[in-house]
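Undergrad: Numbering (the working numbering), first residue to last: 8 to 427. C-beta atoms are modelled at their ideal positions from N, C-alpha and C, and glycine is treated no differently.
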Amino acid sequence: MSTAVLGLQWGDEGKGKITHLLAKDARVIVRFNGGANAGHTVIDRGVKFGTHLIPAGAFYPDTLSILSSGMVIDFAVLCDEWQSLSKHLGWSPQLLIAENAHVVLPYHRLQEDLEGSGKHFGTTRRGIAPCYRDKAAKRGLRAGDLLYPDIALSRLQASVDLLKQAWPSDSDVQQLDAKDLLDDLMKQAGPLLPFVGDATSAMMDAFENEEDILFEGAQGTLLDVDHGSYPFVTSSSTTFAGLSNSIGIPSPDVADRLGVFKAYMTRVGAGPFPTRVDGEVEERLRSVGGEFGVTTGRPRDCGWLDLVALKYAVRLNGCTSLAITKLDVLSGFGDIKVCPAYRLEGEAISQFPLSAEILERCEPEYASISGWDDDISQVRDLSDMPAAVMEYIAFIEREVGVPITLVSVGPEPEATMWRA
Ligand code: GDP
Ligand code: IMO
Ligand code: MG
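1) Hey, could you find the ends of the alpha helix (DSSP H) His47 is sitting in?
2) Closest to Ala422 by CA distance: which of Leu334, Leu170 and Phe247 is it?
3) For Lys318, count the other beta carbons within 10 Å of its own beta carbon; 16 or more makes it buried, fewer makes it exposed. Which is it?
4) Using 10 angstroms around the beta-carbon of Pro371, count the other beta-carbons present and answer buried if the total reaches 16, otherwise exposed.
5) Val315 by DSSP, collapsed to three states: which one?
6) Can you list, in chain order, the stretches of the alpha helix (DSSP H) that have 4 or more residues and sit fully within the segment 217-256?
7) Out of Ala105, Ser236, Val315 and Met211, point me to the one whose CA is closest to Pro257's CA.
8) How big is the Cα-Cα spacing for Leu192 and Ala355?
9) With a threshold of 8 Å on Cβ separation, who are the neighbours of Arg34 within its own chain once the five nearest residues in sequence on each side are excluded?
10) The alpha helix (DSSP H) with Gly266 in it runs from where to where?
11) Between the Cα of Lys145 and those of Val275, Leu163, Gln181 and Leu85, spot the shortest distance and give me the residue it belongs to.
12) Please report how far the alpha carbon of Leu361 lies from the alpha carbon of Cys369, in whole angstroms.
13) Say whether chain B places a C-beta atom closer than 8 Å to the C-beta of Asp285.
14) Of the residues Ile36, Glu419, Leu292 and His115, which one's Cα is nearest the Cα of Glu223?
15) With a threshold of 16 other CB atoms inside 10 Å of the CB of Glu290, please say whether the residue is buried or exposed.
16) From Val295, Ser9, Val54 and Ala108, pick the residue whose C-alpha is nearest to that of His95; which is it?
17) One question on the structure: do Gly41 and Ser243 come within less than 8 Å of each other, judged by their Cβ atoms?
18) What's the C-alpha gap between Ile12 and Ser178?
19) Thr10 and Asp263: beta carbons closer than 8 Å?
20) Counting beta carbon pairs with one atom in the segment 268-284 and one in the segment 293-311, are three or more of them shorter than 8 Å?
21) Relative to the alpha-carbon of Ala143, which residue among Asn107, Arg52 and Leu200 has its alpha-carbon at the smallest distance?
22) Which value, in whole angstroms, describes the spacing of the CA atoms of Leu183 and Trp174?
23) Count Cβ pairs between the segment 116-135 and the segment 24-34 that sit closer than 8 Å; are there 3 or more?
24) Residues in the same chain with beta-carbon distance under 7 Å from His59, minus the five sequence neighbours each way, listed in chain order, please.
25) Am I right that Cys326 and Gly255 are in contact with their C-beta atoms under 8 Å? What's the rounded C-beta distance?
26) Buried or exposed for Asn216, going by 16 or more other Cβ atoms inside 10 Å?
27) With a CB to CB cut of under 7 Å and the five nearest residues on each side skipped, what residues in its chain are close to His115?
28) Using alpha carbons as the reference points, say which of Ala63, Ile411, Leu337 and Phe359 lies closest to Pro393.
29) Go ahead and pull the three-state DSSP assignment for Cys86.
30) Compute every distance between the C-beta of Glu20 and the non-hydrogen atoms of ligand 1, then say whether any falls below 7 Å.
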């Protein structure tokens with residue numbers, strides 16, 4: 008059976024932990040969106056990794072890790088990651104990099120800084136939006152172009168010429184040289200070029216052969232470029248619909264669409280966040296939950312669970328099951344708040360607004376739920392869980408109408424329990 012692991016909030020839900028856990032039973036693991044903006048924490052045999060591009064399945068032998076066409080690849084980051092993973096494992100993970108995935112270049116990061124979008128949108132400054140923009144504007148460089156350096160050079164030259172016209176007085180831009188860019192890129196990408204190939208056919212074969220395929224989403228539903236809190240979103244499709252387009256297969260047979268969400272809410276970067284709390288409660292959620300970005304180290308904003316957003320995300324992805332993470336972080340908070348509705352201009356609404364400006368105007372309407380004091384981080388059997396924890400899980404399940412099958416109480420793979 009194939010499974011897609013999808014983030015249901017503003018990213019950092021614990022997707023890395025969950026995919027790493029599930030990948031041991033899969034043969035093909037596919038990252039389908041985003042780039043090195045993602046930071047997925049994996050604890051593999053006691054060693055902590057922050058992965059940015061390589062799917063978490065790469066930690067197991069006899070698996071194929073596909074980076075599919077919806078991704079944007081920064082070869083410098085990918086090469087580092089591949090080398091450090093190979094060192095840890097004692098063997099090199101088998102990758103397949105889609106020839107039609109786009110390449111993030113140093114000038115994409117430069118453009119992001121020049122345009123000030125890092126500051127305004129609170130982006131990860133990994134060149135993500137400029138790279139996806141080049142893709143849509145038909146002037147991007149794709150991984151497959153690197154197999155033909157003359158093609159890559161002419162594409163780079165065209166982009167560099169355009170950039171120089173656009174930024175006539177910026178010395179960094181004026182110093183760009185297509186040949187130097189290509190030389191650097193070939194040095195970084197060189198060891199990985201044998202992995203560049205036709206990922207779409209490989210995916211089709213895997214489905215036809217009824218292999219167990221595991222998909223690893225990056226970012227979260229509320230950051231989806233079309234369906235998130237636009238314009239405070241990333242530039243890729245983070246949802247199940249995006250998966251289908253990325254791999255080039257209509258209606259792929261993915262029986263389990265597993266949505267991952269935290270027991271509370273976080274957001275990093277700019278943009279509205281109705282249930283954000285401030286003061287002591289936020290400080291405590293952040294310090295107990297270790298809420299600092301894996302990619303940028305920025306402190307994440309924290310708040311109570313937003314059920315309006317969660318219901319929207321579950322429905323949009325057609326989730327068949329859910330994983331709740333970081334329940335351990337809520338221990339000792341007294342009563343826990345959740346937000347089943349917003350108030351917008353005096354009216355109660357339960358539909359997630361698609362515009363950031365409207366979301367900004369929404370006030371949370373909270374419900375209170377009994378909390379628990381016990382440390383639950385060592386619980387390994389749900390029958391040992393305090394009744395209040397099970398009631399919190401059951402409450403969320405009733406609200407969203409999809410079963411919560413996985414319960415996580417710590418970053419380690421062992422701190423995960425299946426729920427019938
Ligand atoms: P991702 O981007 O969705 O893979 O999530 P991140 O790795 O960016 O952030 C999740 C953080 O929470 C990481 O530090 C994980 O190690 C940690 N984590 C995951 N599940 C749990 C959990 O159940 N409890 C606690 N305390 N930490 C968790
Ligand atoms: P994972 O996969 C959390 C956020 C950035 C910013 C916005 C746009 O670890 O869940 P971008 O650099 O993508 O143009 O930034 O999206 N963002 C994430 N937030 N987790 C992520 O990935 C994110 N990837 C991007 O902080 O607000
Ligand atoms: Mg993350």
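TA: With the structure as the only source:
1) Within the sequence shown, residue 47 is the residue found at index 40, counting from 1. Unbroken run through His47 is the beta strand (DSSP E), His47 to Asp51; no alpha helix (DSSP H).
2) Here residue 422 corresponds to residue number 415 of the sequence shown, with the count starting at 1. Comparing Cα-Cα distances from Ala422 to each of Leu334, Leu170 and Phe247, the minimum goes to Leu334.
3) Residue numbering aside, residue 318 sits at position 311 when the sequence shown is read from its first letter. Looking at its Cβ environment, which holds 16 or more other Cβ atoms inside 10 Å, Lys318 is buried.
4) Counting from 1 along the sequence shown, the entry for residue 371 is found at position 364. Pro371 is buried by the Cβ-count criterion.
5) Walking along the sequence shown from the start, residue 315 turns up at place 308. Assigned with DSSP and collapsed to three states, Val315 falls in helix.
6) Here the runs fully enclosed are 247-254.
7) Here residue 257 corresponds to residue number 250 of the sequence shown, with the count starting at 1. Among Ala105, Ser236, Val315 and Met211, the Cα nearest to that of Pro257 belongs to Met211.
8) For the purposes of this step, residue 192 is identified with residue 185 of the sequence shown, where counting begins at 1. For the purposes of this step, residue 355 is identified with residue 348 of the sequence shown, where counting begins at 1. Near 53 Å, if we compare the C-alpha coordinates of Ala355 and Leu192.
9) Working through the sequence shown from its first residue, we reach residue 34 at position 27. For Arg34, where only same-chain residues beyond five positions count, the Cβ hits under 8 Å are Asp69, Thr70, Leu71, Ala213, Glu218, Asp219 and Ile220.
10) To locate residue 266, count along the sequence shown from 1; it is residue 259. Careful: Gly266 lies outside any alpha helix (DSSP H), inside the beta strand (DSSP E) at Asp263 to Lys269.
11) The count along the sequence shown starts at 1 and reaches residue 145 at position 138. Here the closest residue by C-alpha is Leu163.
12) For the purposes of this step, residue 361 is taken as the residue at position 354 of the sequence shown. For the purposes of this step, residue 369 is taken as the residue at position 362 of the sequence shown. Each residue's Cα considered, the two are about 12 Å apart.
13) This model lacks chain B altogether, as it is built from one protein chain only.
14) For the purposes of this step, residue 223 is taken as residue 216 along the sequence shown, with counting starting at 1. Measuring from the Cα of Glu223, the nearest candidate turns out to be Ile36.
15) For the purposes of this step, residue 290 is taken as the residue at position 283 of the sequence shown. That one is exposed.
16) Here residue 95 refers to the residue found at position 88 when the sequence shown is read from its first residue. It is Val54.
17) As a first step, residue 41 must be located in the sequence shown, where it is residue number 34. As a first step, residue 243 must be located in the sequence shown, where it is residue number 236. Yes, these two residues count as a Cβ contact at 8 Å.
18) In the sequence shown, the residue the question calls residue 12 occupies position 5. In the sequence shown, the residue the question calls residue 178 occupies position 171. Checking the displayed sequence, the identity of residue 12 turns out to be Val instead of Ile. Taking the straight line from one Cα to the other gives about 43 Å.
19) Residue 10 sits at position 3 when you count from the first residue of the sequence shown. Residue 263 sits at position 256 when you count from the first residue of the sequence shown. Yes, Cβ-Cβ distance for Thr10 and Asp263 is below 8 Å.
20) Yes, since at least three Cβ pairs between the segment 293-311 and the segment 268-284 fall closer than 8 Å, the two stretches touch.
21) Working through the sequence shown from its first residue, we reach residue 143 at position 136. When each option's Cα is compared against that of Ala143, the closest is Asn107.
22) Locating residue 183 in the sequence shown gives position 176, counting from the first residue. Locating residue 174 in the sequence shown gives position 167, counting from the first residue. Using only the alpha carbons, I get a separation of about 11 Å.
23) no
24) The count along the sequence shown starts at 1 and reaches residue 59 at position 52. Same-chain partners within the cutoff: Ala43, Ala45, Gly46, Val84, Glu88 and Thr302.
25) By one-based count along the sequence shown, residue 326 stands at place 319. By one-based count along the sequence shown, residue 255 stands at place 248. Rounded, the Cβ-Cβ distance is 23 Å, inconsistent with contact.
26) The residue labelled residue 216 in the question sits at position 209 within the sequence shown. Its Cβ having fewer than 16 others within 10 Å, Asn216 is exposed.
27) Start at 1 with the first residue of the sequence shown, and residue 115 comes out as number 108. Here His115 has Gly134, Pro137 and Cys138 as same chain residues with Cβ atoms under 7 Å from its own Cβ, once five neighbours each way along the sequence are excluded.
28) Numbered from its first residue, the sequence shown carries residue 393 at position 386. Nearest of Ala63, Ile411, Leu337 and Phe359 to Pro393, Cα basis: Leu337.
29) Looking up residue 86 in the sequence shown gives position 79. Cys86 falls in the helix class under three-state DSSP.
30) Taking the first residue of the sequence shown as 1, we reach residue 20 at position 13. Yes - ligand 1 has a heavy atom lying nearer than 7 Å to the Cβ of Glu20.
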